[in-house]
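There are 4 protein chains.
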Amino acid sequence: MARQTKKTNPNQTDLDSSWLEGPNALGLVTSRVEDAELVSARRSQFVQSAIKVFCRKGYHSATVKEIAQEAGVSPGLIYQYVNDKEEVLFLSIQLIVYTLKNGLPQAFHSTSNPLRRFYACFEAYCRVVDLHRDSSLLTYRETSSLSKPHRDFIKDMELETNEIIAIAVRECIQAEYFEKVNVELFVYHTIITAQAWALKYWRLAKITDLDEYIAVNARFLMSSVLTEKGREEFEKVLAG
Amino acid sequence: MARQTKKTNPNQTDLDSSWLEGPNALGLVTSRVEDAELVSARRSQFVQSAIKVFCRKGYHSATVKEIAQEAGVSPGLIYQYVNDKEEVLFLSIQLIVYTLKNGLPQAFHSTSNPLRRFYACFEAYCRVVDLHRDSSLLTYRETSSLSKPHRDFIKDMELETNEIIAIAVRECIQAEYFEKVNVELFVYHTIITAQAWALKYWRLAKITDLDEYIAVNARFLMSSVLTEKGREEFEKVLAG
Amino acid sequence: MARQTKKTNPNQTDLDSSWLEGPNALGLVTSRVEDAELVSARRSQFVQSAIKVFCRKGYHSATVKEIAQEAGVSPGLIYQYVNDKEEVLFLSIQLIVYTLKNGLPQAFHSTSNPLRRFYACFEAYCRVVDLHRDSSLLTYRETSSLSKPHRDFIKDMELETNEIIAIAVRECIQAEYFEKVNVELFVYHTIITAQAWALKYWRLAKITDLDEYIAVNARFLMSSVLTEKGREEFEKVLAG
Amino acid sequence: MARQTKKTNPNQTDLDSSWLEGPNALGLVTSRVEDAELVSARRSQFVQSAIKVFCRKGYHSATVKEIAQEAGVSPGLIYQYVNDKEEVLFLSIQLIVYTLKNGLPQAFHSTSNPLRRFYACFEAYCRVVDLHRDSSLLTYRETSSLSKPHRDFIKDMELETNEIIAIAVRECIQAEYFEKVNVELFVYHTIITAQAWALKYWRLAKITDLDEYIAVNARFLMSSVLTEKGREEFEKVLAG
DNA sequence: TATGAATGAGTCTTCATTCAT
DNA sequence: GATGAATGAAGACTCATTCAT
């Protein structure tokens, strides 16, 4: 549970879009171009640029031309890999949500102690949110601009993400570290706390930093559900 | 701390726009019409309609014509009371944020027991959020579409709202019911929990209802900061 | 032929709209109001204001509301005395052209010497143009915005104005002061010279003043048509 | 000084917009399209059409759609080459003023005799004005619709045009053909006389034709400033 | 007669999308 | 595959004009 001393990101980091390069999980977005590798590479390129532009100006105010410019290609090219602007948003949000989700398994497996696991997951989630703060906000703001199928797809991804934390919580309950709480509610409580770092960054950044935010809120979260046994274990964890 | 048995709102309730009818706190929005009463009435009318349309389609996709139609007037009329579409959004968000804020003082003064006060504030906040769920989402999604001055104005209103809860928290600390936590961080933790009801309603509604959500999360929140003394008091409160 | 030492107008003078108060020469503009006196008074009032606004912003950019404001009445009232905005322009240009014309007879009758008459007319014309410089420009710019009947009416008024100077020129020819020139062409030459003071004021004002402009151009004009006899007479006139 | 027997233009001639094709003298108008040649070609095309429409209906009454239609393109295309409608007007007036100016140097250099030069310039000016009569009127009517920087640019072009004639006049004075008149005033007198052919065409066309107009007014102009020596030379010129 | 709120047609302008090269 | 010029539908906003009071 060593704290990264690295400060919160100054300039937002590019997302790892290898996700899009693999066999894309969904047939929801079709392309005019055959070469699968090229499709992945181009989409990855466009989505990186799109996210930057969307974060800067919002989905509706961003123009396809701007996205193309940011990517260093012509507007027409984008339409070879995507059917319309909305699909660019979909791929963008998909990448962001995937990135958030992707940060968790590593944290999850970094330890076998359930309590540490939960803590590690929360911390990882917070750090990913911080690393891609603007992107995280984007999903909040613009998911509603998606078509129903796309929106549902994103929601499903989010649920999958939640499930990872849910497992850690259930382990804690099983180990009698946590009270028998409503798992999903508690998971939401946890997740929304992490996401609040992005949602309320404009204010939170003025009164704390990421490390303290994680520490304080982890304590808030866990204190609310720890059993007596869990509380003891927690002290050990903090000490370790 | 009697629970309202009224179920969560089915269809969203109109906001009380009397706020706009009083001497409007800000000179940020000017009108072409002199008659102050008419201005208030019309703006209130337009904002009600605008919120409905904005919630349905989002700010950018909503057209002024649609807002006018919803209000039963001609598009031109709106521009007699507002300088541009963005001001309609501003007034809309202002009304929503004001409504959220406005629900708190009554809850705050409903009791003098600090612990009850905090609980009452949290409950009131959750209920207002629920009552105006779509509107609450709107502020999350579209505040970034505001101009800087308008955005700042909204943020200030939000801080004022937080302050009410902050007072309750400080009282709890003073009465030694709460640990000496970072007040503002805890307030954000509280508020984001309440707002999560709107943010994650699509899922939360499937696993719980508002009353349970309030009860469970109030317990989460308070458990995380209650002192031994506070814990005893809390039991009494729950029993009462 | 003493020169007025009064400098060119600083701020443009209101036109004498008594013209509109008399029995209006034309049935071209009808009114919803019965009382003829009121019609004259109101129209005069509106036209004064309209000319100011038109000069400031041009006909198309001026709004009826602005004209009403300038006149201190409501926009609706204007439509009680006029059928549309174009008629306001018509009445305005009519007043201006009338004013130009109206300045001439007095100058014409100020002397019986043909040469002096011509000079006096030219000088008067220049001074009226100067006094209502903006208005003069207005007729050049906006006459084309008039309907055909109104435009024709204005052109006829202009011809009537020319005729006054034409009479002076013919007298000069008859008295053998002027060569037997094409009268109407020479009149146009004269008039356009006077109007150039308004048309090119932006530059002319930098290189001369009205008095010099009149003197120099009167000499230009007359030199070009004076007979030997006329030349002698002209010297006397200048001396006198 | 042979007179062109070609009658006054019946239907207005297109302007030679090669001016716009060269390296445009001013960075005042930017374009979204890179290809400089295309920009020139399109702008030339649009300006030709715009002038036609502006002459027909005036700047304010002309719609961008109409201009596009006249040019056979979509309205959107115009905005790839121009930032707004006002810039179309600016380019239009610029072309017209340039055309007027452009006609002079050739006339100027057609002879070395100062008197002939002046005459040739005046004649050329009149003929260009006649050839583009509607366009000439346009500059009178709509220059005031330009933004200040654009208006100033046009005025400067006009001054440059005047300067060509001014040189001829100074030569005449130096050769003692002309009296020592105020050069700029006399140039204005000359130019306004030429432009009057457009300004008052509605009437002048009924009482004379272009050739006579030129001859008569050239005589008016020159007679007013010729010295004795100049008068003799002038007779020779007319005879030649 | 006077007011000014209300109307709605009409304009400029933007931008997602297409398609000839 | 890539380009970017061209399209044209759509939206914010204005303002001449009307009409209830």
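Residue numbers (this note's numbering), protein chains in the order written: chain Z, 58 to 297; chain H, 58 to 297; chain F, 58 to 297; chain S, 58 to 297. The beta-carbon is built from N, C-alpha and C at its ideal position, and this holds for glycine as well.
- Against chain F, the beta carbon of S:G115 has neighbours under 7 Å at S201 and S202, listed in chain order.
- By a beta-carbon distance limit of 8 Å, S:I224 does not contact S:P162. Their separation comes to about 10 Å.
- The beta carbons of Z:F277 and H:S281 sit closer together than 9 Å.
- With a contact defined as Cβ atoms closer than 8 Å, S:K158 and S:E217 qualify at about 6 Å.
- Taking the Cα of Z:I249 as reference, the smallest distance to any Cα among H:K257, H:L242, H:R99 and H:V244 is reached at H:K257.
- In the DSSP assignment, H:D209 falls within the unbroken alpha helix (DSSP H) covering K205 to Q231.
- Two segments are said to touch when three or more pairs of C-beta atoms, one from each, lie closer than 8 Å; by this definition the stretch 176-188 of chain F does not touch the stretch 120-130 of chain F.
- The CB of S:T265 comes closer than 8 Å to the CB of N239 and L242 in chain F, given here in chain order.
- Excluding sequence positions up to five before and after Z:V110, its CB lies within less than 8 Å of the CB of A119, E123, I124 and E127, all in the same chain and listed in chain order.
- Spanning the alpha carbons of Z:N239 and Z:P132 requires a straight line of approximately 49 Å.
- In the three-state reduction of the DSSP assignment, H:L152 falls in the helix class.
- Residues of the stretch 269-285 of chain S whose Cβ lies closer than 9 Å to any Cβ of chain F, in chain order: E269, Y270, V273, N274, R276, F277, L278, M279, S280, S281, V282 and L283.
- Fully enclosed alpha helix (DSSP H) runs of no fewer than 4 residues occupy 258-264 of the stretch 247-274 of chain Z, in order along the chain.
- For the set H:E241, H:L95, H:Q105 and H:I153, the Cα lying nearest the Cα of H:Y138 is the one of H:L95.
- The C-beta of Z:K158 comes no closer than 9 Å to any C-beta of chain H.
- In terms of CA proximity to H:F147, H:L195 leads the group H:E241, H:R173, H:L195 and H:A164.
- Here F:G287 is buried. Its C-beta has 16 or more other C-beta atoms within 10 Å.
- Taking CB atoms only, S:Y182 has no neighbour in chain F less than 9 Å away.
- Contact of Z:I249 with chain H by beta-carbon distance below 9 Å involves I249, T250, Q252, A253, L256 and K257.
- Chain-order list of chain F residues neighbouring S:K212: W259 and R260, by C-beta distance under 9 Å.
- Going by C-alpha positions, S:R208 is about 28 Å away from F:Q151.
- Beta-bridge partners of H:F103 (DSSP): none assigned.
- Non-local C-beta neighbours of F:E236 in its own chain, meaning closer than 7 Å and more than five positions away in sequence, comprise V282 and T284, ordered along the chain.
- By a beta-carbon distance limit of 8 Å, H:S193 does not contact H:I108. Their separation comes to about 11 Å.
- In the structure shown, the three-state DSSP call for H:L85 is coil.
- Between the alpha carbons of Z:R190 and S:Y116 lies a gap of roughly 50 Å.
- Here DSSP, grouped into helix, strand and coil, assigns Z:L161 to helix.
- Distances from the CA of F:E143 to each of F:N274, F:F103, F:T168 and F:H166 were compared; the closest alpha carbon is that of F:F103.
- If you ignore the 5 residues before and after H:S204, its C-beta comes within less than 7 Å of the C-beta of E143, all in its own chain and listed in chain order.
- Residues of chain F whose Cβ lies closer than 7 Å to the Cβ of S:H246 are, in chain order, T250, N274 and F277.
- F:A119: not part of any alpha helix (DSSP H); DSSP gives it neither H nor E.
- Comparing C-alpha distances from H:V273 to each of Z:Y136, Z:D71, Z:A296 and Z:V244 shows the shortest one belongs to Z:V244.
- Contact check for Z:D71 and Z:Q105: beta-carbon distance about 6 Å, within the 8 Å limit, so the pair qualifies.
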